[in-house]
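Enquirer: Read in order, the letters of the sequence shown correspond to residues 6 to 478 in the numbering used here.
C-beta: ideal position from N, C-alpha, C; glycine also.
Treat the numbers as computed from the prediction; the structure is a model and nothing was measured.
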Amino acid sequence: MTRPTALIWFRSDLRLRDQPTLHAALRAGFAPLPVYIHAPHEDGAWMPGAASGAWRHRSLIALDAELRQRGSRLHVFAGDSLAALQAAAAATGAAAVFWNRRHEPAIEARDTDIRRALRAQGLRAEAWNGSLLFEPWQLETRAGDPYRVFTPFWKAALAAWKPQPTLHAPDQLPHFDALPGETTIDALGLQPTPRWDESFWHHWTPGERGAEAALEEFAAAGLHDYNSGRDRPDRALTSRMSPHLHFGEIAPWRIVETLADAGPPDERAAYVRELGWREFAHHVLHHFPQTPDANFNPRFDDFPWLQPDPALLQAWQRGRTGVPIVDAGMRELWATGWMHNRVRMIVASFLTKNLRIHWRHGARWFWDTLVDADLANNTLGWQWVAGTGVDAAPYFRVFNPVLQARKFDPQGEYIARWVPELRALPAKARHAPWEAAAAERAGMGDYPARPVVDLAASRAGALEAFGGMRPQR
6 MTRPTALIWF RSDLRLRDQP TLHAALRAGF APLPVYIHAP HEDGAWMPGA
56 ASGAWRHRSL IALDAELRQR GSRLHVFAGD SLAALQAAAA ATGAAAVFWN
106 RRHEPAIEAR DTDIRRALRA QGLRAEAWNG SLLFEPWQLE TRAGDPYRVF
156 TPFWKAALAA WKPQPTLHAP DQLPHFDALP GETTIDALGL QPTPRWDESF
206 WHHWTPGERG AEAALEEFAA AGLHDYNSGR DRPDRALTSR MSPHLHFGEI
256 APWRIVETLA DAGPPDERAA YVRELGWREF AHHVLHHFPQ TPDANFNPRF
306 DDFPWLQPDP ALLQAWQRGR TGVPIVDAGM RELWATGWMH NRVRMIVASF
356 LTKNLRIHWR HGARWFWDTL VDADLANNTL GWQWVAGTGV DAAPYFRVFN
406 PVLQARKFDP QGEYIARWVP ELRALPAKAR HAPWEAAAAE RAGMGDYPAR
456 PVVDLAASRA GALEAFGGMR PQR
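#1: Taking one C-beta from the region 75 to 95 and one from the region 182 to 197 each time, how about it: are there three or more such pairs within less than 8 Å?
#2: Could you name the residues of the same chain whose beta carbon sits closer than 8 Å to that of R63, not counting the 5 residues immediately before and after it, in chain order?
#3: Using C-beta distances below 7 Å, list every residue in its chain close to L31, excluding the 5 sequence neighbours before and after it, in chain order.
#4: Buried or exposed for E109, please, with buried defined as at least 16 other CB atoms from any protein chain shown within 10 angstroms of its CB.
#5: Does the region 387 to 400 come close enough to the region 65 to 78 that 3 or more CB-CB pairs lie under 8 Å?
#6: Which runs of the beta strand (DSSP E) fall wholly inside the region 7 to 70 and span at least 3 residues, in chain order?
#7: Would you call H436 buried or exposed, if buried means 16 or more other Cβ atoms sit within 10 Å of its Cβ?
#8: Give the straight-line distance between the Cα atoms of P415 and V407, rounded to the nearest whole angstrom.
#9: Taking buried to mean at least 16 other C-beta atoms within 10 Å of its own C-beta, is E254 buried or exposed?
#10: From the DSSP output, in three-state form, read off V5 for me.
#11: For a test of the three-state rule: what should DSSP assign to R304, helix, strand or coil?
#12: Work out the CA separation of Y452 and G327 for me, nearest whole Å.
#13: Judging by CA-CA distance, which residue of L430, L178 and T296 is the nearest neighbour of L12?
#14: At what residue ranges does the region 180 to 249 contain a whole run of the alpha helix (DSSP H), taking only runs of 4 or more?
#15: A130 lies in the beta strand (DSSP E); which residues open and close that run?
#16: Which residues in the same chain have their Cβ closer than 8 Å to the Cβ of A509, if we skip the five residues on either side of it in sequence?
#17: Does the beta carbon of V81 sit closer than 8 Å to a beta carbon anywhere in chain B?
#18: Mind checking which residues open and close the alpha helix (DSSP H) that includes F285?
#19: Unbroken beta strand (DSSP E) runs of length 3 or more, entirely within the region 65 to 127: which are they?
#20: For A161 and E440, I'd like the C-alpha separation in whole angstroms.
#21: For the structure I just gave you, are there three or more beta carbon pairs, one from the region 129 to 141 and one from the region 272 to 288, closer than 8 Å?
#22: Shorter than 7 Å, the distance from the beta carbon of T341 to the closest heavy atom of the ligand HEM, or not?
#23: Hey, could you find the ends of the alpha helix (DSSP H) M449 is sitting in?
#24: So H180 packs on G76, CB below 8 Å; how close in whole Å?
#25: Helix, strand or coil: how does DSSP classify W321 here?
#26: Taking only the alpha-carbon atoms, compute the straight-line gap between Q295 and F301 and give it to the nearest angstrom.
#27: Check whether the Cβ atoms of A381 and L290 lie closer than 8 Å to each other.
#28: How about H366 and P315: do their beta carbons lie closer than 8 Å?
#29: Would you kindly work out how many angstroms separate the C-alpha atoms of R51 and S57, rounded to a whole number?
#30: Using only the alpha-carbon positions, how far apart do R349 and R336 sit?
#31: What residue range is occupied by the uninterrupted alpha helix (DSSP H) comprising E337?
#32: List, from N- to C-terminal side, the alpha helix (DSSP H) runs of 4 residues or more that fit wholly inside the region 390 to 436.
#33: Expressed to the nearest angstrom, what Euclidean distance is found between the alpha-carbon atoms of G386 and F305?
#34: With distances taken Cα to Cα, identify the nearest neighbour of H251 among T10, P9, R8 and R20.
#35: How many Å lie between R200 and R16 at the Cα?
#36: Have a look at A241 and A368 and give me their C-alpha separation to the nearest angstrom.
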């Protein structure tokens, strides 16, 4: 007897292991038909950025290859998601559509409408958790409110923790002929023109196998010194799992299980806590969907941000501010699509405090240039540094980029790697080359002789602007 068909709608869950939709379909006796629909217009104001698209192209190819090894393949469409699902269901006589939830506000609203429309047609339409340890609505305060501070959120998460089982990828999947309206991954136009992303792939391998390799490398080489070394951009001690998590190439619960026997317990706990920040970001975005564009703290709605000077903003974007640690971070971002987290905080503080440019400008630039651009994490991070968000660093905390560089890149190795104009300087001079002797600066080429703004004066200006704000009511 022929099994009924279930469409498996892949989105940002581009893997076969730990794939709830596949296993649910197989348990229910369905023949899974993998579908991907390219519909960036449905993301609303936050359509995926260019770097994200470049990663997605390669991740889709990797997923298709994994499916083909099992007798199946990825059926690719472009256009409106509901129309594509309805057409595929009609062409195959599908009885069900399964997908994993996404938690961006525009997508949550769209998915609700799609579920309602599919069920009205008599289709079984079900969504699963494929990306988080806790769904955003699972944890709440004793008063029944969402959390606004990370520490009590994480304490509640640890108390409620129930390990999820890891699941193998199916050995074999059914084959389906091409469906009407199908297109190809190449035809989606996800690769940039010209190919400015080429340098990315010296540092990354998108796809499920790349995620597993990155995790194995971290478990073997980075986890043992993670707690003490995660703030050091000159050392490779972070997991670099963020893009793999964003595209769902690996499940967070598989990461936790894999690391269960790796490294000292305190190092492991420190890393899992960082996964907790990702959970917290999605919790906040779900409950406060306005925050990608609006200050969480309305007190900052009247803050006197400066009108962005296009030259200053471009200097920041291109790594030409004259502040070495800032420029190193922005150049690392441009060359690899990623930036070390400590440096993300430094460059964000420089933009929002020293240049006093609204955090939204930084969030948009990161959104377009990061391969791990995630609306929840991006929003939480920028509002945290700017002092406008939940559990935020106070606005009057201004990162001193020179002191930060001296502390976390003591020999200037990270700076020298990404700002080659400064490699010839003595190590200690790389942090603030304007303080070095003229003879030492001779080999700097056209690197800015001084920062684009005076660090002390701009800090004082930021604090004065903050002091002039109306008190919190």
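Expert: Let me spell this out:
#1: yes
#2: Counted from its first residue, the sequence shown places residue 63 at position 58. Around R63: W206, P211 and G212.
#3: On the sequence shown, position 26 is the one that residue 31 refers to. The answer, listed in chain order, is P37 and P175.
#4: For this step, residue 109 is matched to residue 104 along the sequence shown. Classification of E109: buried, given that the 10 Å Cβ count is 16 or more.
#5: no
#6: 10 to 15 and 36 to 43
#7: The residue given as residue 436 occupies position 431 in the sequence shown. Answer is buried; the Cβ neighbour count reaches 16.
#8: Here residue 415 refers to the residue found at position 410 of the sequence shown. Here residue 407 refers to the residue found at position 402 of the sequence shown. Taking the straight line joining both Cα atoms gives about 10 Å.
#9: Here residue 254 refers to the residue found at position 249 of the sequence shown. With 16 or more Cβ atoms within 10 Å of its Cβ, E254 is classed as buried.
#10: Limits of the chain in this structure are 6 at one end and 478 at the other, which puts residue 5 out of reach.
#11: Indexing the sequence shown from 1 puts residue 304 at position 299. Reduced to three states, the DSSP call for R304 is helix.
#12: If you number the sequence shown from 1, residue 327 lands on position 322. If you number the sequence shown from 1, residue 452 lands on position 447. Distance between the alpha carbons of G327 and Y452: 7 Å.
#13: The residue you call residue 12 lines up with position 7 of the sequence shown. The shortest C-alpha to C-alpha distance from L12 to any of L430, L178 and T296 is the one to L178.
#14: The DSSP assignment places 213 to 222 and 231 to 234 as complete runs of the alpha helix (DSSP H) inside the region 180 to 249, in order along the chain (cut-off: 4 residues).
#15: As a first step, residue 130 is located in the sequence shown; it is residue number 125 there, counting from the start. It spans R129 to W133 - the beta strand (DSSP E) in which A130 sits, taken as one unbroken run.
#16: Here the chain comprises residues numbered 6 to 478, so residue 509 is not present and cannot be evaluated.
#17: The structure shown contains no chain B; it is built from a single protein chain.
#18: In the sequence shown, counting from the first residue as 1, residue 285 sits at position 280. Per DSSP, F285 belongs to the alpha helix (DSSP H) from P270 to H292.
#19: 80 to 83 and 101 to 105
#20: Numbered from 1 along the sequence shown, position 156 holds the residue referred to as residue 161. Numbered from 1 along the sequence shown, position 435 holds the residue referred to as residue 440. Those two C-alpha atoms are separated by around 48 Å.
#21: yes
#22: In terms of ligand content, the structure shown is empty, and the ligand HEM therefore cannot be addressed.
#23: Along the sequence shown, one-based indexing puts residue 449 at 444. No alpha helix (DSSP H) holds M449; DSSP gives it neither H nor E.
#24: To locate residue 180, count along the sequence shown from 1; it is residue 175. To locate residue 76, count along the sequence shown from 1; it is residue 71. With 8 Å as the limit, H180 and G76 qualify as a contact, their Cβ atoms being about 5 Å apart.
#25: Here residue 321 refers to the residue found at position 316 when the sequence shown is read from its first residue. W321: helix per DSSP, three-state reduction.
#26: Along the sequence shown, one-based indexing puts residue 295 at 290. Along the sequence shown, one-based indexing puts residue 301 at 296. If you take the alpha carbons of Q295 and F301, they lie about 8 Å apart.
#27: To locate residue 381, count along the sequence shown from 1; it is residue 376. To locate residue 290, count along the sequence shown from 1; it is residue 285. Yes, the pair counts as a contact, with Cβ atoms nearer than the cut-off.
#28: Your numbering for residue 366 matches position 361 in the sequence shown. Your numbering for residue 315 matches position 310 in the sequence shown. No, they are not a contact pair.
#29: Here the question's residue 51 lines up with position 46 in the sequence shown. Here the question's residue 57 lines up with position 52 in the sequence shown. At residue 51 the sequence reads Trp, which differs from the Arg that was named. Roughly 12 Å separates the two Cα atoms.
#30: Stepping through the sequence shown from its first residue, residue 349 is reached at position 344. Stepping through the sequence shown from its first residue, residue 336 is reached at position 331. Cα to Cα, the separation comes out at about 12 Å.
#31: Taking the first residue of the sequence shown as position 1, residue 337 is located at position 332. From DSSP, the alpha helix (DSSP H) with E337 extends over P329 to T341.
#32: 406 to 413 and 418 to 423
#33: The count along the sequence shown starts at 1 and reaches residue 386 at position 381. The count along the sequence shown starts at 1 and reaches residue 305 at position 300. Spanning the two alpha carbons is a distance of roughly 16 Å.
#34: The residue given as residue 251 occupies position 246 in the sequence shown. Comparing Cα positions, the closest option is R20.
#35: Counting from one through the sequence shown, the residue named residue 200 turns up at place 195. Counting from one through the sequence shown, the residue named residue 16 turns up at place 11. About 24 Å.
#36: For the purposes of this step, residue 241 is identified with residue 236 of the sequence shown, where counting begins at 1. For the purposes of this step, residue 368 is identified with residue 363 of the sequence shown, where counting begins at 1. A241 and A368: Cα-Cα distance of roughly 25 Å.
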